[in-house]
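The structure appears below as structure tokens.
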């Protein structure tokens, strides 16, 4: 989970890690968890944000995900505002596994 | 190689069974994440930026070929086909899945390995000179002492919840290949005036956000008193180390704030209360441990066999590899082989499962089935016949592990950085690869000579940037990575923390700056000087000038 505080202003997205596989996930429009940030629900609607919060707490209690938290989203790009979160979206820029797969 | 005794085998088996139960309860929801987190960390399982990460302990960096094959098996079966050698001689896997981890630990236990105490505020895996038992430079093999500390510190009830993590490194040579002055405690095997072998104890070293070079706590400690004295030092730290601020909780801060003299008095006062006989290890037990580290059956050989010298004459690539990667062995006709894990195309320290298996086979064929990991993120085959070196070199070539760059500019220490680590502030792997690419020409690397570049992706300094001849620290501001440079660090027995040159750089500026530094060094160096020597002679100012030109 991020140790960096987000401002909680502007559009928000909810993120976590899957409990079993550990992968980064984001809540999508159906309030399901997606491994693809492109599907992430990004909203300023307080009702939706409240529902996202509730869903995150519920799924954490159900042991589907761990370390839930909201991230700030850039209104113009839709990308996470913080550099670290941008990085979580894209995955490693280098991974030896990618070279092995390419072989 | 040390073999587990009954106690080791039992506690590891119990611990893996216990962790299996904990994982099952976590997955079933009977343990919350808050309850589970400290349990998984005690077993080396982190949740990183993109996935879980399992850190496997390699005690004092010594591995059998069987163990290395198991590490390959874990990489292939449970991870994504590779592992990463860390700067504490351990092996990390970047993509394990939680339900698989108990099976991974069972597999590790089957070859007498585990992941216990690779995390948490306890005494971590003891690290060691990777040439131990093979170099003529050492007074004796330090690994029996390291193994003794492993046994003493494993699940030590008094020291399982220290103010902060505690790292011990050992060496028996004057030439320090274990970075003992940058550890919480460093131990050097020494002799007293009468020639009796004992230990010099260094305390309060460390890197991280507050780099400090360790100071001498005891010039000479009789062998039999080691555990009692360590107990006294740990007790003082446990009692007075700060627990209110984790950034000031390491023993280095306590020693710095207390002063070495006063700290020594505290340790000696505590030591006086300990019944040494109660904790001391008998000579018989010491000998039992030592017997596991006996020399392999070295043959009586000519030191420079004709086939070896002929291969050197006939094959330039082999000659250059041998010059860079091969070190002197204590036995005539043998050599210590450094296997570089810094080929240009891989991240520093990464090794594929296929390479692990092949290297394990080579260890069986050429090095009595033994390997070492190094804190510089390379491997060592400790006992290779010189007459086998050419054949070994050709085999290493086939698996992409014959890069002849040990201690050269592309032999970079590099933490995983933002590509994997949850604590990182910037990437480090792409920087190391860009530097390796920029200085890819082997001839140019050899012209530059010894040059240690060390890169960390955050101030926690896992990439040892403070002690790099050129140290690079990755930071981020307003969504942009930038890199701060230190010059003049030294990881040897003359350990020194480098000095920050000034404001940071973009990656491109950094590469140009390093190139300028290298060019200035080449222009200024005197006969026989390494970069560090030239830097120490002429100072930072001229290097800073070209760095910011």
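Protein chains in written order, with this note's numbering: chain A, -18 to 84; chain B, 451 to 999.
Think of the CB as a built atom: it goes at the ideal place given N, C-alpha and C, for glycine as much as any other residue.
Could you check the C-alpha separation between residue i and residue j for me, to the nearest Å?
i, j, result
"residue 654 of chain B", "residue 582 of chain B", "24 Å"
"residue 493 of chain B", "residue 990 of chain B", "44 Å"
"residue 731 of chain B", "residue 755 of chain B", "43 Å"
"residue 994 of chain B", "residue 917 of chain B", "18 Å"
"residue 719 of chain B", "residue 686 of chain B", "10 Å"
"residue 891 of chain B", "residue 795 of chain B", "14 Å"
"residue 574 of chain B", "residue 80 of chain A", "32 Å"
"residue 616 of chain B", "residue 76 of chain A", "30 Å"
"residue 453 of chain B", "residue 475 of chain B", "32 Å"
"residue 758 of chain B", "residue 746 of chain B", "22 Å"
"residue -16 of chain A", "residue 750 of chain B", "Note that residue -16 of chain A scores a pLDDT of 42, beneath 50, so its modelled location is shaky; the value from the coordinates is reported in the next line. Rounded to whole angstroms, residue -16 of chain A to residue 750 of chain B spans 59 Å at the Cα level."
"residue 818 of chain B", "residue 637 of chain B", "27 Å"
"residue 579 of chain B", "residue 528 of chain B", "30 Å"
"residue 947 of chain B", "residue 940 of chain B", "7 Å"
"residue 713 of chain B", "residue 648 of chain B", "21 Å"
"residue 706 of chain B", "residue 658 of chain B", "15 Å"
"residue 618 of chain B", "residue 632 of chain B", "9 Å"
"residue 532 of chain B", "residue 554 of chain B", "14 Å"
"residue 762 of chain B", "residue 778 of chain B", "16 Å"
"residue 56 of chain A", "residue 914 of chain B", "39 Å"
Using CA coordinates, which residue listed in the options is at the minimum distance from residue i?
i, options, result
"residue 964 of chain B", "B:896, B:949, B:859", "B:859"
"residue 710 of chain B", "B:751, B:855, B:664", "B:664"
"residue 857 of chain B", "B:465, B:999, B:775", "B:775"
"residue -6 of chain A", "A:6, A:1, A:2", "A:6"
"residue 45 of chain A", "B:518, B:519, B:645, B:549", "B:549"
"residue 460 of chain B", "B:966, B:560, B:952, B:476", "B:560"
"residue 641 of chain B", "B:657, B:662, B:616, B:672", "B:672"
"residue 611 of chain B", "B:562, B:488, B:651", "B:488"
"residue 878 of chain B", "B:889, B:886, B:864, B:887", "B:864"
"residue 828 of chain B", "B:464, B:511, B:486", "B:511"
Who are the neighbours of residue i on chain D, taking C-beta pairs under 8 Å?
i, result
"residue 15 of chain A", "In the displayed structure, chain D is absent; the protein chains listed are A and B."
With 16 other CB atoms within 10 Å as the buried threshold, where does residue i fall?
i, result
"residue 834 of chain B", "buried"
"residue 741 of chain B", "exposed"
"residue 586 of chain B", "exposed"
"residue 861 of chain B", "buried"
"residue 35 of chain A", "exposed"
"residue 930 of chain B", "exposed"
"residue 607 of chain B", "exposed"
"residue 74 of chain A", "exposed"
"residue 84 of chain A", "exposed"
"residue 0 of chain A", "buried"
"residue 810 of chain B", "buried"
"residue 680 of chain B", "buried"
"residue -2 of chain A", "buried"
"residue 605 of chain B", "exposed"
"residue 697 of chain B", "exposed"
"residue 71 of chain A", "exposed"
"residue 840 of chain B", "buried"
"residue 457 of chain B", "exposed"
"residue 480 of chain B", "exposed"
"residue -11 of chain A", "exposed"
"residue 593 of chain B", "buried"
"residue 466 of chain B", "buried"
State the start and end residues of the unbroken alpha helix (DSSP H) segment that holds residue i.
i, result
"residue -6 of chain A", "Segment -7 to -1 is the beta strand (DSSP E) holding residue -6 of chain A; no alpha helix (DSSP H) there."
"residue 771 of chain B", "766 to 775"
"residue 67 of chain A", "64 to 71"
"residue 868 of chain B", "Counting along the chain, residue 868 of chain B falls outside any alpha helix (DSSP H), and DSSP gives it neither H nor E."
"residue 515 of chain B", "515 to 528"
"residue 963 of chain B", "957 to 974"
"residue 650 of chain B", "Note, residue 650 of chain B: premise wrong, no alpha helix (DSSP H); beta strand (DSSP E) at 647 to 653."
Does the ligand GDP have a heavy atom nearer than 8 Å to the CB of residue i?
i, result
"residue 649 of chain B", "In terms of ligand content, the structure shown is empty, and the ligand GDP therefore cannot be addressed."
How far does the beta strand (DSSP E) with residue i in it extend, from its first residue to its last?
i, result
"residue 636 of chain B", "635 to 641"
"residue 58 of chain A", "Segment: none, residue 58 of chain A is in no beta strand (DSSP E) and carries neither H nor E."
"residue 802 of chain B", "800 to 802"
"residue 669 of chain B", "665 to 672"
"residue 793 of chain B", "Segment: none, residue 793 of chain B is in no beta strand (DSSP E) and carries neither H nor E."
"residue 503 of chain B", "502 to 506"
"residue 820 of chain B", "820 to 823"
"residue 831 of chain B", "829 to 835"
"residue 874 of chain B", "Neither: residue 874 of chain B is in no beta strand (DSSP E) and is coded neither H nor E."
"residue 926 of chain B", "920 to 927"
key: Validate contact between the segment 497 to 509 of chain B and the segment 757 to 776 of chain B using beta carbons, cut 8 Å, 3 pairs   = The count of Cβ pairs closer than 8 Å, one atom from the segment 497 to 509 of chain B and one from the segment 757 to 776 of chain B, stays below three, leaving the stretches out of contact.
query = Quick check: the segment 567 to 581 of chain B against the segment 504 to 519 of chain B, are there 3 or more CB pairs under 8 Å?
reply = yes
The segment 873 to 886 of chain B / the segment 478 to 497 of chain B touching (three or more Cβ pairs under 8 Å) = Judged by Cβ distances under 8 Å, the segment 873 to 886 of chain B makes no contact with the segment 478 to 497 of chain B, as fewer than three pairs qualify.
query = So does the segment 782 to 790 of chain B actually touch the segment 847 to 857 of chain B, counting three or more Cβ pairs closer than 8 Å?
reply = Between the segment 782 to 790 of chain B and the segment 847 to 857 of chain B, the count of Cβ pairs shorter than 8 Å is three or higher; the stretches touch.
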